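Quick note: the sequence shown uses my numbering, first residue 254, plus one each step. Have a look at the structure below, then the notes.
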Amino acid sequence: MAGWNILLTTAIAGLVCRIVYRVLLHPLSKYPGPKLAAISNLPYTKWSVTGQLHSRIRELHERHGDVVRIRPNSLTFSDPQAWTDIYGHRKAGAPPFRKDPEFYIPSSNGSTNLINSSEADHARQKRLLTHAFSERSLRDQESLVMAYIDLFITRLGELANNSQDVDLLHWLNYLTFDIVGDLAFGEPFGCLKDSAYHPWVAILFQSIKTGALLRALTIYPTLAKIIRYFMPKSLLRKRADHYRLSKEMVTRRLDMDTTRPDFISYILKYNDERGMSRSEIEVNAALLIAAGSETTATTLSACVYYLQKNPECYKALTEEVRQAFSKDEEITFLAAGKLPYLNAIIEESLRMYPPAPAIGPRLVPEGGAVVNGEHIPGGVCFCPFPIENSSRLTRDMNGNGYRYLCPWHTIPPSAVHLTLPNRILSFQSAGSEITRIVDSATISEKRYSRSHMGRGRASVESMVCSLSKVPGTDND
């Protein structure tokens, strides 16, 4: 009995010492945040599993300021300079901020993709995939994309004529999955034709949720093994099914004797000894499906939602679109990209409702690094916060959500653009200064070393143009 008492006393003493160290003596103890989050990873795990992480971090920044401690060894910044320091190009010889291995789940076949790869592998894979997202490839793919958009508009028109209720989010997902499926695998999922999700798409949604749970549990390796043991095998099987179906579709595409301008054709055209292996092509094709479909549909649904909430903006957009195009055939990627109000709405929708509100965390290199003017010890994890929605960077000037950039906060001109809730009069008076009006701290992708090379933006622009011309969508 005495032995058990000694063990219990030792365990309690060790726990108390750990708590005291983390709260008072840890190198991050000077930073504000919830005390329980400074002591334990449990709050962070709970926020992640319940899907509340981004909103909870925002609340903490509103309360505590630019720097918040959200885990015993993790900080989150809401200052634009911190994003540049962490994700920007490092000076020659300076070690990079590595990806946190706790966040990135290995691919099913053991190969890496653009998301979970090392710096060297990422550069090698990106070199190949960049060709699939070039200006030339975008022009080559335009007719394929627009064909699906036309079908989408036709299907919505049929539903409107029959006075049927429409869940627009489902239909936007049908559209984007068909487009990206064709571009990635050489065949659509048939969602628009069948008015339903392809079984593979349904599996994808479930595998994303399962992946989020497994990712959150990597903080506790032993607990993760226990939960995986008791987790319904159907959930784990869906992740395996997701990869298996991706592999089958890639195999069918590689067996095609075609030069159609899809993602695979550009990979094959430029693949060499420094290119991608078969297994890497498989996992990257699966990644492109997830990254290029649901996220685009989310952005489009946000566009539609905010436009319906702001009828003045909807009117301004439809006027701009209908003045620019007299018939649907005139809508092209190039032409849509020249519409300033449309571009402003897309940018603002991305700011107000980012489809991926968090970027993967990074680790401070060994020896430490300066972030936002402060020296941070090596090994500290950074969990970035979507600063574009921080009220500390913007303020409501008229009670209608028309946000101006706070004059005391310096933001590069390239990061400032028109807000969606802007009035038509304000838009018309902006003139050539439209890109310098108001915005919060949306940071240009081009400023980061791993900038997103996707060109789905042009597709989004054309889709919104088309949506503005759909019969029955007016606010009358």
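Here a beta-carbon is modelled for each residue, glycine too, at the ideal position from N, C-alpha and C. What you are looking at is a predicted structure, and each value in this text was computed from that prediction instead of being measured.
Looking at the structure shown, is residue i part of a helix, part of a strand, or coil, going by DSSP?
| i | result |
| --- | --- |
| T262 | helix |
| E411 | helix |
| N728 | Residue confidence for N728 is low, a pLDDT of 40 falling below 50, so the modelled location carries little weight; the figure read from the coordinates is stated next. Residue state, collapsed to three classes: coil. |
| A400 | helix |
| F458 | helix |
| H279 | coil |
| F442 | coil |
| T688 | Per-residue confidence for T688 stands at a pLDDT of 34, beneath the threshold of 50, marking its modelled position as unreliable; the derived number appears in the next sentence. T688 falls in the helix class under three-state DSSP. |
| C634 | strand |
| I406 | helix |
| R527 | coil |
| A347 | coil |
| M509 | coil |
| A609 | coil |
| D420 | coil |
| S301 | helix |
| K288 | helix |
| S693 | Confidence at S693 is low in this model, with a pLDDT of 35, below 50, so the placement of that residue should be treated as unreliable; the coordinate-derived value is given next. Of the three classes helix, strand and coil, the one that applies to S693 here is coil, per DSSP. |
| G256 | helix |
| Y427 | helix |
| Y559 | helix |
| Y496 | helix |
| K491 | helix |
| I358 | coil |
| I390 | The residue you asked about is not Ile; residue 390 is Ser in the sequence shown. Note: S390 maps to helix in three-state DSSP. |
| I432 | helix |
| L367 | coil |
Can you tell me which of the options puts its alpha carbon nearest to the alpha carbon of residue i?
| i | options | result |
| --- | --- | --- |
| K288 | P280, K299, R275, T298 | R275 |
| L382 | L521, N625, I599 | L521 |
| R531 | G363, R324, R343, E315 | G363 |
| P296 | Y284, R309, D447 | R309 |
| N369 | C556, I358, S518, V633 | I358 |
| I456 | F442, S448, D447 | F442 |
| T303 | D319, D447, A291, R468 | R468 |
| L436 | A543, Q334, G631 | A543 |
| I629 | S282, G267, T262 | S282 |
| N596 | E619, R506, M502, L570 | L570 |
| E573 | V321, F458, Y594, G590 | Y594 |
| E730 | D332, R324, L422, R271 | In the structure displayed, the chain extends from 254 to 729; residue 730 sits before or after that span and is not available. |
| R380 | G528, T552, E627 | G528 |
| E565 | K591, A555, I598, E582 | I598 |
| D403 | A622, V624, D581 | D581 |
| R351 | S371, G620, K344 | S371 |
| A550 | Y401, V321, N426 | N426 |
Between which two residues does the alpha helix (DSSP H) containing residue i stretch?
| i | result |
| --- | --- |
| I520 | 516 to 523 |
| I246 | Nothing about residue 246 can be reported from this structure: the residues present for the chain run from 254 to 729 only. |
| V574 | 564 to 577 |
| L248 | Since the first residue of the chain shown is 254 and the last is 729, residue 248 is not available in this structure. |
| Y340 | 333 to 340 |
| L587 | 586 to 589 |
Which first and last residues belong to the beta strand (DSSP E) in which residue i is found?
| i | result |
| --- | --- |
| L328 | 327 to 330 |
| H451 | Note, H451: premise wrong, no beta strand (DSSP E); not H, not E. |
| E312 | From DSSP, E312 is part of no beta strand (DSSP E) but of the alpha helix (DSSP H) over 306 to 317. |
| A622 | 622 to 624 |
| R513 | First-last for R513: undefined, no H or E at that position. |
| E372 | Unbroken run through E372 is the alpha helix (DSSP H), 372 to 385; no beta strand (DSSP E). |
| E601 | Note, E601: premise wrong, no beta strand (DSSP E); alpha helix (DSSP H) at 593 to 605. |
| V320 | 320 to 324 |
| I629 | 627 to 629 |
Based on the DSSP secondary-structure assignment, which residues constitute the bridge partners of residue i?
| i | result |
| --- | --- |
| I270 | Checking the sequence, you will find Cys at residue 270 rather than Ile. The partner list for C270 (beta bridge, DSSP) is empty, contrary to what the question assumes. |
| K352 | R615 |
Output yes if chain C places a C-beta closer than 9 Å to the C-beta of residue i; else output no.
| i | result |
| --- | --- |
| A266 | Going by chain labels, chain C is absent from the structure shown, which holds only one protein chain. |
With a threshold of 7 Å on Cβ separation, who are the neighbours of residue i within its own chain once the five nearest residues in sequence on each side are excluded?
| i | result |
| --- | --- |
| S460 | K491, R492, H495 |
| I472 | N294, T298, E355 |
| W257 | none |
| V548 | Reading the sequence as shown, one finds Thr at residue 548 and not Val. So the list reads P608, A609, once near-sequence residues are dropped. |
| V503 | F438, I534, E535, A538 |
| K500 | E535 |
| L541 | V433, A437, F516 |
| G631 | V617, P618, E619, G620, G621 |
Beta-carbon within less than 6 Å of residue i's beta-carbon, same chain only, minus the 5 sequence neighbours each way: which residues are those?
| i | result |
| --- | --- |
| S546 | T429, F430, V433 |
| L306 | W300 |
| F578 | I584 |
| I292 | I272, R275 |
| H423 | none |
Among the residues of its own chain, which have a CB less than 8 Å from the CB of residue i, if the five just before and after it don't count?
| i | result |
| --- | --- |
| T407 | none |
| S685 | At S685, the pLDDT of 33 sits below 50, so the modelled position is not reliable; the number obtained from the coordinates is stated separately. Hits under 8 Å: none found. |
| T552 | I599, S602, L603, Y606, P608, V713 |
| P514 | S390, D393, Q394, L397 |
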